[in-house]
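Protein sequences appear in the order of chains A, B, C and D.
Residue numbers are given in numbering that gives the first Met the number 0: position 168 of the first sequence equals residue 167, and the series is strictly consecutive.
Residue numbers are given in numbering that gives the first Met the number 0: position 33 of the second sequence equals residue 32, and the series is strictly consecutive.
Residue numbers are given in numbering that gives the first Met the number 0: position 160 of the third sequence equals residue 159, and the series is strictly consecutive.
Residue numbers are given in numbering that gives the first Met the number 0: position 300 of the fourth sequence equals residue 299, and the series is strictly consecutive.
For glycine and all other residues, C-beta sits at the position ideal for the given N, C-alpha and C.
Nothing here was measured: the structure is a model prediction, and the numbers come from that model.
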Amino acid sequence: MAKRRISIKEITKIEGHANLSVELEDDKIRRVIFGVHEGSRYFEAFMKGKNYMYIHELAGKVCGICTVAHELASIKAVENALEIEVPENVERIREMMLISSHIQSHILHLYFLALPDYVNAESAIEMAERDYDLVKKAFRIKEATNYMTALLGGREVQPCTLVPGGFSKRITKDVIERYIKKMKEIYPLLVETAELFSSLEYPHFERKSDYVSLYDGKSIPLYNGKIKTLHMEFEGEEYEKHFEEYVVNYSSAKRSLVGGRDYMVGALARLNINPYLREEAKDIALSYSIKFPSDRVAWINVAQAIENVHYAIEAMEIADNVKEYEPMHISPKNIDGEGISAIEAPRGLLIHHYKFKNGKCTYANIITPTAMNTENIERNLEEYLKDIAGESDEVIKKEAEKIIRAYDPCISCSVHVIRTK
Amino acid sequence: MNNPYLPAVARITDIIEETPDTKTFVISSPLKFKPGQFVELSIFGYGEAPISISGGNEKSIDLTIRAVGNITKKIHRMNVGDYVGIRGPFGNGWPVERAEGRNLLIAAGGIGLAPLKPVIEYVCNNRKKFRNVTLLYGARKPSLMLFKYKLEEWSKHMDVLLTVDEPEEGWKGNVGVVTTLCDRIKHVSDTVTLMCGPPIMMKYTSISLMELGFPTGEMYLSLERNMKCGIGICGHCAVGGLYVCRDGPVFSLNDALKLIEKPHEVQGVID
Amino acid sequence: MQFLNLEAKILEILKYLNIKNFRLAKEYNEMPVDIAFVEGTPTTREEVLKLLTIRKESKILVALGTCAVTGGVPGLVNMMAKKEAMEVYDGFPPDVPIDPKPLEYYVNVDYNIYGCTFSKDELIELITSLIIGKEYRDKEYSVCVECSLRENNCLLDDGHLCLGPITRGGCKALCPNNGKMCLGCRGPYEDANIKGHIKILQDMGFTKDEIIESLSLFSYEKFKEVISWLKEE
Amino acid sequence: MGVKIAKNRVNEFLKYLKEEYILYAPVEENGVSKISKIEDTSDIINLPYRTQISLKPIFFPPEQKFFRFEKKNGGVEIEDYLPQEGDDKSIIFGVRGCDVNAIEVLDKYMLDEFEDPYYRKRRENAIIIGISCDYPKESCFCTAFGGMVPERYDLWFTDIGPHFYVDIGSKRGEKLIDDKFFEEASEEDEMRKIRRINSVETKINRKVKTNLHDIKKYYHKIKNRADDSIWEELGRKCVSCGKCNFICPTCHCFDVKDMTNIDGSAGERIRVWDSCHLYDYAKTSAENFREERKARVRYRIYDKFVFPVMRYGVYACTGCGRCSEVCPAGIDIHAVVRRLIK
Ligand SMILES: Cc1cc2nc3c(=O)[nH]c(=O)nc-3n(C[C@H](O)[C@H](O)[C@H](O)COP(=O)(O)OP(=O)(O)OC[C@H]3O[C@@H](n4cnc5c(N)ncnc54)[C@H](O)[C@@H]3O)c2cc1C
Ligand code: SF4
Ligand code: SF4
Ligand code: SF4
């Protein structure tokens, strides 16, 4: 009996610490373990007792990457809980912020973490040595999107202008115009990126699983909407009813299922659930014979690149219609309450859930996209590796990593477990 | 408009190792200066520091520098031919003329000998103008003494009293702080004292000298303060309403005592 | 992560430094290195051991960001009983984790880059200093200094619980510039008159609890003593 | 005899001035009132008292670049930024007495004994059109130093109902008087002006009740309080935020630093405002001469009421009250001085 065990102690080019081990017997996959070994950080514990003003600030620190998404999800849940009115204009501006941070996050993932796998480079640093302009282009988009986020958020990560009900600073016409100008500037680069990533050779592996994302029946929503799976549609508030959770002993992140199935969230899920891609984006995909919905896991990368084009147009349209914002003093109607929010972070659905008493948090629950994806990652790996189980260790490692990286998992987030009752 | 903030670019033309942490840099800057004056030395990209002129001629000035911080450490890593910036000279300098025809005591501790070196050299060249002259110099260790190669020549012209805090092999001289040498000075009355060294050394030496009866009205000290501009505008070197860079760095002990903002600024001189 | 936000600057930095180990961006990561940047703070035994190894194998160790410098937001958990904290996860994960502490609690730290997120400008300043051999020093003054240089309205005047006066400057008063009080993400500086500021806040009408909450947000580990003093006051 | 100008013509007058001069006047930016360069005269705000930010930043900005250097061909090239400082003529309109006095003090530090060329260039060509306050701010105590109207100005406006009475203080000021806008003032107008100024000053005085006119006497008194327990007390309160320094129209300390590119081959030397309340301010390689906070607090008060008197014979405080207004610790300079001279 030829038994072998392939293990990657620490998967590189992902955010956080995760390991993978594959056990094979006679070139048959016995077991695939995708383990997360990152210490818990107890956000849900120490958020308790904190004043509602600080909650989103703390939430922003859950993870160093999706700070914008976390802060927005958090503030939205706080506003829901305390019935703080949020003008539509504010929501639109927040969406702009979310979009620029999405693009930024995707670009980081696409060029620096994913692309090296497909051009046979060890890292973006090596890529830079070979194709300086390519890396420079990526940096240009990153810089521009960071700049856009910072225009609205004060800084590119950990925005510091959000306050319940609005912003702490004026958002002037000038700021909005600069946002549009920057977006216009990088739009051609986003199209190029979409073309580049549509043209790459991806693993052919496909597997049917469920997909979950926000849904509003007319766009690919990021900030508002119901939650939709392939089979169900429900309000964010009802998440506890639909997500089932369970524990595995080799990982510090909990797993979850929806309607008894493992599911995927993120760019591919968004496009699979919402058939509303803008023409410009759809055309790029079509010209490389790429169509959504699709079960091809590695196309997450394509979905991200295509989505960027879609959201760039969306953002410019929103920006054209938003009005100037003057900060005002907002006080909550209630100091007690419960609030849940669901928004789309770059890596997928993100849920924040709080309860307040006397303006102080008494309960917090944060469900992050990577936590939702881990089960899906593992099952997909199992399936995929079956096909190539005869290959050498090196090949298996490399292919497995490709799949894992496609999800752009954010491990530090995944330890924020799902808790359902 | 002439701009006093603009340094003149000059080159390092020679470097003399004095001690493990002190070097003398010869800078191609033809400045006319009075003993005790200083320049603002620029190391581009690092900043500026006030440094006393420890010697010079028509073509160059000498700067003797101890490596303590940013700029001073950087210049220690520089080589002959490298460029620096110079502004100055600034400050009032030592009142050497007051000592003419009288006794002179030069008291230095550590790097404090650098600003006094031009005085010593002036004395050597104009020995007749002075009566008794004594150089009192203390360093932490013998190996940290500056200008050792000059001491022999200087001792031809004046009494040289040396001391170290910690002896090393081969050291036959006095061990102890500078004050332990004060009673060996052969002249007391009618003595002009010029003093420079660490605050603590200046404090105890001036007390000792006062006790021995040296005229306090004729004791002069050079003070060190934080300086940014060297021309009395930035405010950092102000003590008790005077600017060390313009009104000093040399002050008479009496003035220094008056100007010190009591009681916290006194550490610099005397309680 | 914020490292990659240096964008084009990275390419310039690469001319002078060789990035040997960067798990987020690189596949092959080597040790030992000249300069190690450590972001975050250990929360498991393995991570502590890893930190010790990094210290051994690097000439210069830089604590990058508030978590590494002060224990940061995760340090908040040190305020509560471990059991209570674990309950939130229904007793899961099973191993008792390690209190988030400043890196300097475990190893010698050569430089601190403050802030959550840390300031890019300061990181560039540090890297420049390392490249050209200039001394890099912590700012010994408060956020207020940078705030008033920008002629902002004081948020304390508007009744906000701002920690500017006791928080180490260097962020160019980012939050106050954006109309938001300083939450103290850079931690206190050595000369800070913390008790003086507490007095100011009390005079403004803030309660002890509010002040303790605000002090502990980012730097519980650094304010521990003052907080227990305040509790007893 | 002075002249007067109808209030509704002031705007036109300013527009007319703007054609030839760079015009500065009170505006509000981000909720902070200050004196700024005016693009459009409708931006000018009408305040009954001084602006929150003084004139100082116009002549002595928080950050000023001295020069650029570049290491090139084995040498160092320096490009002085001084010539780039425009020497356009400017008019500063709507300044209050305390600020005009403060600029005179600043002149002493920056131009009298030593000369700061960057300051000179901006200062030299500035014409000052001041205006009497309508009522004081809470923290104002200018009457302790002599009142609202400074000794030197180019033109001085005082509200006398439908008109401003205009005092002419210099040749430069006189040249600005154009018949198109100004008319002869009557004796009655002048009386009205005097009454007006008196009534506002009385109002301030009633609150202030301090008179520091006898400079010699008070400076001695304050100087002798160096060991007072008040310093200990203030040292515990002060949080060393430096705001009082930055906001003060006469504080002039600065730090100088070099900023470079990543490899140090090129850079700029800049100066940035500094504050004597900060820990590093008096630190040298040997020791920190004002390590204790109380010494720093005292130094600032002394550098307003003692040291400048010794050096220039003036106080470096004009009673604008800004430092009291901004101090988070509630240290009120006027109250401090009152205690010191008791
Ligand atoms: C009139 C005058 C004449 C002088 N003549 C000489 C001379 O002839 N030779 C000579 O060697 N020196 C002389 N000095 C002293 C010299 O100016 C200082 O040693 C020099 O300014 C130090 O500059 P630096 O940039 O090297 O050090 P800095 O980088 O300024 O540091 C100096 C010291 O202070 C500490 N320090 C400063 N700022 C900070 C901070 N923010 N945080 C922590 N620590 C800090 C440093 O650790 C170091 O120990 C003179 C000084 C004066 C005023
Ligand atoms: S203002 Fe305060 S909270 Fe904001 S970045 Fe600076 S130190 Fe951090
Ligand atoms: S010391 Fe205070 S009151 Fe006096 S001029 Fe300065 S800011 Fe105004
Ligand atoms: S404003 Fe007040 S607290 Fe701040 S430095 Fe000045 S005296 Fe101290």
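Checklist entry - B:K73 versus chain C: which residues are under 8 angstroms apart at the beta carbon? => result Position 74 of the second sequence, counted from the start, is the residue given in the question as residue 73 of chain B. Those are G132, K133, listed as they occur along chain C.
Review point. In terms of residue numbering, what span does the alpha helix (DSSP H) encompassing B:S154 cover?
Key: Residue numbering aside, residue 154 of chain B sits at position 155 when the second sequence is read from its first letter. Segment 147-154, the alpha helix (DSSP H) holding B:S154.
task = Quick one: give me the first and last residue of the alpha helix (DSSP H) that D:V335 is part of.
result = By one-based count along the fourth sequence, residue 335 of chain D stands at place 336. Run containing D:V335: 332-340, per the alpha helix (DSSP H) assignment.
ask   = CB-CB under 7 angstroms to B:G80, same chain, minus the five flanking residues each way: which ones, in chain order?
value = Position 81 of the second sequence holds residue 80 of chain B. These residues qualify, in order along the chain: R10, I11.
request  = Output, in chain order, the set of chain D residues within a Cβ distance shorter than 7 angstroms of C:T166.
outcome  = Within the third sequence, numbered from 1, the residue matching residue 166 of chain C stands at position 167. Those within 7 angstroms of C:T166 in chain D number zero; the least Cβ separation is about 11 angstroms.
Runs of beta strand (DSSP E) lying entirely within the stretch 215-303 of chain A, each at least 3 residues, in chain order: You should have 225-227, 242-245, 254-257.
**Item:** the stretch 166-178 of chain A contacting the stretch 114-124 of chain A, beta-carbon criterion three pairs below 8 angstroms
**Value:** They do not touch, by the three-pair rule.
**Prompt:** beta strand (DSSP E) containing D:N197: first to last residue?
**Reply:** Translated into positions along the fourth sequence, residue 197 of chain D becomes position 198. Per DSSP, D:N197 lies in no beta strand (DSSP E); the unbroken alpha helix (DSSP H) holding it starts and ends at 186-207.
**Message:** Between B:V67 and chain D, is the shortest Cβ-Cβ distance under 8 angstroms, so that the two count as touching?
**Reply:** To locate residue 67 of chain B, count along the second sequence from 1; it is residue 68. Yes, contact with chain D.
Under three-state DSSP, which class holds C:Y113? For the purposes of this step, residue 113 of chain C is taken as residue 114 along the third sequence, with counting starting at 1. The three-state reading of DSSP puts C:Y113 in coil, since its state is none of H, G, I, E or B.
Practice task
With B:G84 as the anchor, note down where its beta strand (DSSP E) starts and where it stops.
Solution key: Along the second sequence, one-based indexing puts residue 84 of chain B at 85. Segment 82-89, the beta strand (DSSP E) holding B:G84.
query = D:S138: beta carbon under 7 angstroms from a heavy atom of ligand 4?
reply = If you number the fourth sequence from 1, residue 138 of chain D lands on position 139. Result no, Cβ not under 7 angstroms from ligand 4.
_Interface flag, A:H105 vs chain C, CB-CB below 8 angstroms_ = Position 106 of the first sequence, counted from the first residue, corresponds to residue 105 of chain A. No, no contact with chain C.
(request) Compute the beta-carbon to beta-carbon distance between C:L182 and A:E56, rounded to the nearest angstrom, for a pair I have assumed lies under 8 angstroms. (result) In the third sequence, the residue the question calls residue 182 of chain C occupies position 183. In the first sequence, the residue the question calls residue 56 of chain A occupies position 57. Correct: roughly 6 angstroms between the Cβ atoms.
Which residues does DSSP list as the beta-bridge partners of B:M144?
Counted from its first residue, the second sequence places residue 144 of chain B at position 145. According to DSSP, which records beta bridges pairwise, B:M144 is partnered with nothing at all.
According to DSSP, is C:G90 helix, strand or coil? Against the third sequence, residue 90 of chain C aligns to sequence position 91. Caution is warranted here: a pLDDT of 49 is assigned to C:G90, below 50, making its placement in the model unreliable, and the coordinate value is therefore given only provisionally. DSSP places C:G90 in the coil class of the three-state scheme, outside both helix and strand.
Original post:
Sorted by chain position, which residues of the same chain lie with C-beta nearer than 6 angstroms to B:E47's C-beta, five sequence neighbours on each side aside?
Top reply: Counting from 1 along the second sequence, the entry for residue 47 of chain B is found at position 48. Excluding positions up to five away in sequence, the list reads E39, S41.
Ignoring anything shorter than 4 residues or poking outside the stretch 175-205 of chain C, list the alpha helix (DSSP H) runs there in chain order. Here the runs fully enclosed are 193-203.
Does at least one heavy atom of ligand 6 sit under 7 angstroms from the Cβ of C:P73?
Absent from the structure shown: ligand 6. Ligands present: ligand 1, ligand 2, ligand 3 and ligand 4.
Is it buried or exposed for D:Q83, if we count other Cβ within 10 angstroms and need 16 for buried?
-> As a first step, residue 83 of chain D is located in the fourth sequence; it is residue number 84 there, counting from the start. That one is exposed.
- Task: May I have the straight-line CA-CA distance separating B:Y219 from B:P166, to the nearest angstrom?
- Result: Counting from 1 along the second sequence, the entry for residue 219 of chain B is found at position 220. Counting from 1 along the second sequence, the entry for residue 166 of chain B is found at position 167. For B:Y219 and B:P166, the distance between alpha carbons rounds to 29 angstroms.
Exercise. Can a CB atom of chain C be found closer than 8 angstroms to the CB of D:W272?
Worked result: Looking up residue 272 of chain D in the fourth sequence gives position 273. Answer yes: the Cβ-Cβ gap between D:W272 and chain C drops below 8 angstroms somewhere.
Got a sec: which bits of the stretch 279-304 of chain D sit with their beta carbon under 7 angstroms from any beta carbon on chain C, in order along the chain? If the cut-off is 7 angstroms between Cβ atoms, the stretch 279-304 of chain D has D279, R292 near chain C.
- Which residues does DSSP pair with D:W155 in a beta bridge? In the fourth sequence, counting from the first residue as 1, residue 155 of chain D sits at position 156. DSSP, once it has assigned bridges, lists D:G129, D:D166 as partnering D:W155.
| message | Less than 6 angstroms between C-beta atoms, sequence neighbours within five positions excluded: which residues of the same chain meet that for D:V255? | response | On the fourth sequence, residue 255 of chain D is found 256 positions in, with the first residue counted as 1. Result list for D:V255: R270, in chain order.
Three-state class that DSSP yields for A:H352 in the structure shown: Within the first sequence, the letter at position 353 stands for residue 352 of chain A. Strand.
Query raised in the report: Skipping 5 residues on each side, what residues in its chain have a beta carbon closer than 6 angstroms to that of C:L289?
Result: The requested residue 289 of chain C does not occur in the structure, where chain C is confined to residues 0 to 232.
Practice item. Can you have a look at A:H142 and say buried or exposed, based on whether 16 or more other CB atoms are within 10 angstroms of its CB? Key: As a working mapping, residue 142 of chain A is identified with position 143 in the first sequence. The amino acid occupying residue 142 of chain A in the given sequence is Glu; His does not appear at that position. The residue in question, A:E142, is buried, as its Cβ has 16 or more Cβ neighbours within 10 Å.
**Message:** Can you confirm whether D:K242, when its beta carbon is compared against all beta carbons of chain C, has any partner nearer than 8 angstroms?
**Reply:** Locating residue 242 of chain D in the fourth sequence gives position 243, where the first residue counts as 1. Yes - at least one Cβ of chain C is within 8 angstroms of the one on D:K242.
**Message:** According to DSSP, simplified to helix, strand and coil, what is C:M78?
**Reply:** In the third sequence, counting from the first residue as 1, residue 78 of chain C sits at position 79. Helix at C:M78.
With a threshold of 8 angstroms between beta-carbons, can B:L5 be considered close to chain F, or not? Given the protein chain composition of this structure (A, B, C and D), no chain F is represented.
Practice problem: Give a single yes or no on whether C:C146 has its beta carbon closer than 7 angstroms to a heavy atom of ligand 4. | Solution: Walking along the third sequence from the start, residue 146 of chain C turns up at place 147. Checking the Cβ of C:C146 against ligand 4 gives no.
message = Please report the straight-line C-alpha distance between D:V9 and A:I74, rounded to a whole angstrom.
response = Within the fourth sequence, the letter at position 10 stands for residue 9 of chain D. Within the first sequence, the letter at position 75 stands for residue 74 of chain A. Approximately 50 angstroms between the Cα atoms of the pair.
task = Return the chain-ordered list of same chain residues with a C-beta closer than 8 angstroms to the C-beta of A:C409, the five sequence neighbours on each side being excluded.
result = One-based indexing of the first sequence puts residue 409 of chain A at position 410. So the list reads I13, E14, G15, C62, I64, C65, R346, T367, P368, T369, once near-sequence residues are dropped.
### Task
Determine the contact status of A:I102 and A:A311, defining contact as a CB-CB distance below 8 angstroms.
Within the first sequence, the letter at position 103 stands for residue 102 of chain A. Within the first sequence, the letter at position 312 stands for residue 311 of chain A. In this structure, A:A311 lies closer than 8 angstroms to A:I102 by Cβ.
Sheet register partners of A:A344 (DSSP bridge): Here residue 344 of chain A refers to the residue found at position 345 when the first sequence is read from its first residue. Partner(s): A:G347.
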